[in-house]
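**Q** Going down the list, the sequences are from chains A and B.
Residue numbering for the first sequence is 1 to 348, as defined by my numbering.
Residue numbering for the second sequence is 1001 to 1348, as defined by my numbering.
C-beta atoms are modelled at their ideal positions from N, C-alpha and C, and glycine is treated no differently.
There are 2 protein chains.
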Amino acid sequence: MKKKHTIRDVAARAGVSIATVSKFINSTQRFTAAVEKRVQAAIDDLEYHSNPLARSMITGKTGSVGVAILDICNPHFTNIVKGANRIALEHGYNLLFVDTEESQAREDELLDALSRRVDGLIISTRMPDEQLHRVMDYGKPVILSGRPAPEGFPSIGIDAHAAAYMIGELLVKQGHRNIAYLGFAPARPDTERMRGLSESLEAHGLELTRFEVGGPTIVEGERVCSSVLLRKAKLDAVVCYNDLVAIGFMGAARALGISIPEDISVVGIDNIPFGRFTSPALTTVDTQSEKLGEEGMRQLFRLIAGEPQQLGHVMVEPRLVMRDSTRIRPAAAAAAVESRPRAKSRAR
Amino acid sequence: MKKKHTIRDVAARAGVSIATVSKFINSTQRFTAAVEKRVQAAIDDLEYHSNPLARSMITGKTGSVGVAILDICNPHFTNIVKGANRIALEHGYNLLFVDTEESQAREDELLDALSRRVDGLIISTRMPDEQLHRVMDYGKPVILSGRPAPEGFPSIGIDAHAAAYMIGELLVKQGHRNIAYLGFAPARPDTERMRGLSESLEAHGLELTRFEVGGPTIVEGERVCSSVLLRKAKLDAVVCYNDLVAIGFMGAARALGISIPEDISVVGIDNIPFGRFTSPALTTVDTQSEKLGEEGMRQLFRLIAGEPQQLGHVMVEPRLVMRDSTRIRPAAAAAAVESRPRAKSRAR
DNA sequence: GTGAAAGCGCTAACAC
DNA sequence: GTGTTAGCGCTTTCAC
Chain A
1 MKKKHTIRDV AARAGVSIAT VSKFINSTQR FTAAVEKRVQ AAIDDLEYHS
51 NPLARSMITG KTGSVGVAIL DICNPHFTNI VKGANRIALE HGYNLLFVDT
101 EESQAREDEL LDALSRRVDG LIISTRMPDE QLHRVMDYGK PVILSGRPAP
151 EGFPSIGIDA HAAAYMIGEL LVKQGHRNIA YLGFAPARPD TERMRGLSES
201 LEAHGLELTR FEVGGPTIVE GERVCSSVLL RKAKLDAVVC YNDLVAIGFM
251 GAARALGISI PEDISVVGID NIPFGRFTSP ALTTVDTQSE KLGEEGMRQL
301 FRLIAGEPQQ LGHVMVEPRL VMRDSTRIRP AAAAAAVESR PRAKSRAR
Chain B
1001 MKKKHTIRDV AARAGVSIAT VSKFINSTQR FTAAVEKRVQ AAIDDLEYHS
1051 NPLARSMITG KTGSVGVAIL DICNPHFTNI VKGANRIALE HGYNLLFVDT
1101 EESQAREDEL LDALSRRVDG LIISTRMPDE QLHRVMDYGK PVILSGRPAP
1151 EGFPSIGIDA HAAAYMIGEL LVKQGHRNIA YLGFAPARPD TERMRGLSES
1201 LEAHGLELTR FEVGGPTIVE GERVCSSVLL RKAKLDAVVC YNDLVAIGFM
1251 GAARALGISI PEDISVVGID NIPFGRFTSP ALTTVDTQSE KLGEEGMRQL
1301 FRLIAGEPQQ LGHVMVEPRL VMRDSTRIRP AAAAAAVESR PRAKSRAR
């Protein structure tokens, strides 16, 4: 650990003023060849690197952007970070990252600290709107991710309603009649997912059963499995809050001797990479996490640049990913198709 | 985005000096109740938050620590980050994070930028030792993760040799005779894994076949699969560089009509959470990624605090995780046990 | 083209 | 207990 040199050391060694060195570093001006060479030599000799903190204090720019997410272990968020990181690097920015799950009590403090060190942030959070307002007022551009922002603030997310709706349509078309949703109420997208699914089923005259998991995790999918499978009224399809819950559910179901999709169909949401390798491969809806991160970051840079842009909620389109955890229910398939016109008039 | 207030605004509003406000904020002194109340009121009214950059410039402390990893999408690194984050938060520090995969050309620059904004870092990297020396000399405490550091610098990692060696012992004990390793040479732990495996097999008079993947990823595991399975000399076990490669390999094998573990056993390394849910469940070695992150961060804080500590490489013990992707080869099992004493003397 | 000087917002002596 | 002052390392007018 050697002593750090300052701009003054460089100036002294090159025999110029610190102002000259500063301008040289930031290439804000041209110099005589002689000066240029001497300054460059001094910088090289001293292995001088400018102190970004000092620069930030004056310019007000940090050269960093922040991303706050709920749980880095959830591949959905991991991919958001990946996408966001790529765009940040392309713009010559660093990405600073905070995982808020470990300390929800200190979320405010964490976000505040982060906001002070960056030029803008993308935030995923479950905190209530009023608390969120404080965050949006930190004085830095903020993009809210995964839920619509209050008022005229920008946000980004997938169309959760559409995602759930297309799952509903798929299941009904395949002849499923008794469908359950394993929801996670504290998560913001839960409401829209529930609503999309309900509306789809309702249009076909079907009802949705809801179960609750304690978190968007594999472990919770495993935990809830037996109570879902062992209830009286038999289900023929389960839609999970996300792929992690679905993976846990399928694992536990197998342990219970239940076959998927023969005995019951399972659908996830997110399309995490591992969904291809479960047994059976998981049918899901792609929420395009990485693209979400990329788009969020692009939007953020537009905000930072002060470019005019549409505020409000930017939606990314979900895509159905058919794999092997759902199957056509032959007995009911024909009836389901028949019932559609009838169901439509019956709805509401 | 409202205008930021400074310590001067607070001082003026409270009718005290800025020094008083500063001391109040940092609670470095006691005050009369009256002053205390007025200052607090001013802070609340103005919604004043101190500027950490300005503070850092003077104190030389940033209140942040950094973690640089190769690919956040690899659950191994994700878990390191998770563990590191937890310990950082416990110490009241923020975690800043850099994913270097996206821009290896700029890795130097990235690490330098990061090092300037934190009080210390944990680094995973594939860069050569000489380049690494520059990083270690940035002037900040650095813990190297995943490989032994040069000279007297601290580092942390699992005992890769032991991990591979225990896999070798397991496979031999189970009666496997034709074992291959799917290695990834650019990764630092690859050499030790290869060596541990080789030594184990050698001690039993067996030879190791090596294949090369183009990256520690699912996709590469899938890609290499057919050339491994379709070679003339049949294999009965494959040890993969990590779980991701193993998952890809198993997926592709299934597509080719190969049964695991009936036709061939597969072993991974890392014990990522999804290994439990592949089909068959993946036998692997737990590299305790999260603990690695935690321990690395604890070590880093000891360094930052200037506490004396053992430099050199701290090793975390690996643990074998038996699941269903390996099986006993009945025909050869007895012979394998018999051969051990013989093999031992034959070795080297 | 180059340099002198005035701060960015804050902390840390040191007076009072 | 409280205030004054001198910077931290740098950028940015504005003279020369």
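Taking the continuous alpha helix (DSSP H) assigned at C1225/B, which residues delimit it?
**A** Within the second sequence, residue 1225/B is the residue found at index 225, counting from 1. Here the alpha helix (DSSP H) through C1225/B covers 1218-1229.
**Q** Does the Cβ-Cβ distance between D1245/B and E1212/B come in under 8 Å?
**A** Numbered from 1 along the second sequence, position 245 holds the residue referred to as residue 1245/B. Numbered from 1 along the second sequence, position 212 holds the residue referred to as residue 1212/B. Checking the sequence, you will find Val at residue 1245/B rather than Asp. No; because the gap between Cβ atoms is not below 8 Å, this pair is not in contact.
**Q** Thinking C-alpha only, which one of K1082/B, N1074/B, D1099/B, L1282/B is nearest N85/A?
**A** On the first sequence, residue 85/A is found 85 positions in, with the first residue counted as 1. Answer by Cα proximity: D1099/B.
**Q** Take Y1138/B and list the residues in its own chain whose beta-carbon comes closer than 7 Å to its own, dropping the five residues that flank it on each side.
**A** By 1-based counting over the second sequence, the position of residue 1138/B is 138. So the list reads D1112, S1115, once near-sequence residues are dropped.
**Q** Going residue by residue through the stretch 140-201 of chain A, where are the continuous beta strand (DSSP E) segments of at least 3 residues, counting only ones entirely within it?
**A** Taking only runs of at least 3 residues, the beta strand (DSSP E) segments lying wholly in the stretch 140-201 of chain A are 142-145, 155-158, 179-183.
**Q** Leaving out five residues on either side along the sequence, give the residues of the same chain with a beta carbon under 7 Å from the beta carbon of H5/A.
**A** Indexing the first sequence from 1 puts residue 5/A at position 5. Excluding positions up to five away in sequence, the list reads L46, Y48.
**Q** Taking DSSP as the reference, what is the three-state secondary structure of H313/A?
**A** Counting from one through the first sequence, the residue named residue 313/A turns up at place 313. Of the three classes helix, strand and coil, the one that applies to H313/A here is strand, per DSSP.
**Q** Cα separation between S279/A and R1254/B?
**A** Reading the first sequence from its first residue, position 279 is the one you call residue 279/A. Reading the second sequence from its first residue, position 254 is the one you call residue 1254/B. Their backbone Cα atoms lie some 11 Å apart in a straight line.
**Q** From the DSSP output, in three-state form, read off L53/A for me.
**A** For the purposes of this step, residue 53/A is taken as residue 53 along the first sequence, with counting starting at 1. Looking at L53/A - three-state DSSP - the assignment turns out to be helix.
**Q** Have a look at P1216/B, M1194/B, F1277/B and flag the residue whose alpha-carbon is nearest the alpha-carbon of D1071/B.
**A** Taking the second sequence and counting its residues from 1, the one referred to as residue 1071/B is at position 71. It is P1216/B whose Cα lies nearest to the Cα of D1071/B.
**Q** How many whole angstroms separate the CB atoms of C240/A and V266/A, which I take to be in contact at a CB cut-off of 8 Å?
**A** Taking the first residue of the first sequence as 1, we reach residue 240/A at position 240. Taking the first residue of the first sequence as 1, we reach residue 266/A at position 266. Sure, about 7 Å apart at Cβ, within 8 Å.
**Q** Between T1078/B and chain A, is any beta-carbon pair separated by less than 8 Å?
**A** Taking the first residue of the second sequence as position 1, residue 1078/B is located at position 78. Closer than 8 Å to some Cβ of chain A, the Cβ of T1078/B qualifies, so yes.
**Q** Against chain A, with Cβ distances strictly below 8 Å, would T1278/B count as a contact?
**A** The sequence position of residue 1278/B within the second sequence is 278, counting from 1. Closer than 8 Å: yes.
**Q** Below 7 Å on C-beta distance, what does A54/A contact in chain B?
**A** Within the first sequence, numbered from 1, the residue matching residue 54/A stands at position 54. Correct list: M1057.
**Q** Taking just the CA atoms, how far does G183/A sit from I353/A?
**A** This structure cannot speak to residue 353/A, because chain A is shown only from 1 to 348.
**Q** Bridge partners of S265/A, per DSSP?
**A** Taking the first residue of the first sequence as position 1, residue 265/A is located at position 265. Per DSSP, A237/A.
**Q** Is it right to say I58/A is buried, meaning 16 or more other beta carbons lie within 10 angstroms of its own, or is it exposed?
**A** Along the first sequence, read from residue 1 onward, the residue named residue 58/A stands at position 58. Classification of I58/A: exposed, given that the 10 Å Cβ count is below 16.
**Q** Given 8 Å as the limit, is there contact between the stretch 179-197 of chain A and the stretch 164-171 of chain A, that is, 3 or more CB pairs closer than that?
**A** As far as the Cβ criterion goes, the stretch 179-197 of chain A touches the stretch 164-171 of chain A, which means the pair count is three or higher.
**Q** Using 8 Å as the threshold, is the C-beta distance between L1121/B and V1142/B below it?
**A** Walking along the second sequence from the start, residue 1121/B turns up at place 121. Walking along the second sequence from the start, residue 1142/B turns up at place 142. Going by C-beta atoms, L1121/B is nearer than 8 Å to V1142/B.
**Q** Would DSSP call A1203/B helix, strand or coil?
**A** Start at 1 with the first residue of the second sequence, and residue 1203/B comes out as number 203. It is helical.
**Q** Would you list, in chain order, the members of the stretch 1105-1127 of chain B that have their beta-carbon closer than 8 Å to a beta-carbon of chain A?
**A** Within the stretch 1105-1127 of chain B, the residues whose Cβ lies closer than 8 Å to some Cβ of chain A are R1106, L1110, D1112, A1113, L1114, R1116, R1117, listed in chain order.
**Q** Taking only three categories from DSSP, how would you classify A1343/B?
**A** Residue numbering aside, residue 1343/B sits at position 343 when the second sequence is read from its first letter. Low confidence applies to A1343/B: its pLDDT is 40, below 50, so where it sits in the model is not reliable enough to give any reading.
**Q** Below 7 Å on C-beta distance, what does I72/A contact in chain B?
**A** Locating residue 72/A in the first sequence gives position 72, counting from the first residue. T1078, V1081, K1082, listed in chain order.
**Q** Three or more C-beta pairs under 8 Å: does that hold for the stretch 295-305 of chain A against the stretch 1289-1308 of chain B?
**A** Verdict: no, contact absent.
**Q** Quick one, which of R1126/B, V1081/B, F1024/B has its alpha-carbon nearest R1188/B's?
**A** For this step, residue 1188/B is matched to residue 188 along the second sequence. Minimum Cα distance to R1188/B is reached at R1126/B.
**Q** Classify V337/A as helix, strand or coil using the three-state DSSP reduction.
**A** Here residue 337/A corresponds to residue number 337 of the first sequence, with the count starting at 1. Per-residue confidence for V337/A stands at a pLDDT of 49, beneath the threshold of 50, marking its modelled position as unreliable; no derived number is given.
**Q** Give the DSSP-derived three-state secondary structure of I1260/B in the structure shown.
**A** Here the question's residue 1260/B lines up with position 260 in the second sequence. Looking at I1260/B - three-state DSSP - the assignment turns out to be coil, as it is neither helix nor strand.
**Q** How should G92/A be labelled, buried or exposed, when 16 other C-beta atoms within 10 angstroms of its C-beta is the threshold for buried?
**A** Taking the first residue of the first sequence as position 1, residue 92/A is located at position 92. Under this definition G92/A is an exposed residue.
**Q** Under a three-way DSSP split, which group does D1009/B fall into?
**A** Mapped onto the second sequence, residue 1009/B falls at position 9. DSSP places D1009/B in helix when its eight states are reduced to three.
**Q** Going by Cα to Cα distance, which pick from K1140/B, D1108/B, A1237/B, Q1131/B is closest to R1329/B?
**A** Reading the second sequence from its first residue, position 329 is the one you call residue 1329/B. R1329/B has its Cα closest to that of A1237/B, out of K1140/B, D1108/B, A1237/B, Q1131/B.
**Q** Write down the C-beta distance between I87/A and S145/A rounded to the nearest angstrom, noting that I regard them as a contact closer than 8 Å.
**A** Residue 87/A sits at position 87 when you count from the first residue of the first sequence. Residue 145/A sits at position 145 when you count from the first residue of the first sequence. Rounded, the Cβ-Cβ distance is 13 Å, inconsistent with contact.
**Q** For P1189/B, would you say it is in contact with chain A, using Cβ-to-Cβ distances shorter than 8 Å as the test?
**A** For this step, residue 1189/B is matched to residue 189 along the second sequence. False, the Cβ-Cβ gap to chain A never drops below 8 Å.
**Q** Which residues share a DSSP beta bridge with A1068/B?
**A** Translated into the one-based positions of the second sequence, residue 1068/B becomes position 68. Answer is V1098/B, I1123/B, bridged to A1068/B.
**Q** With 9 Å as the C-beta to C-beta threshold (strictly closer), list the residues of the stretch 1151-1184 of chain B near chain A in chain order.
**A** Those would be none; no residue qualifies.
**Q** Would you mind reading off the limits of the beta strand (DSSP E) that contains F211/A?
**A** Here residue 211/A refers to the residue found at position 211 of the first sequence. 208-212 is the span of the beta strand (DSSP E), which, as asked, contains F211/A.
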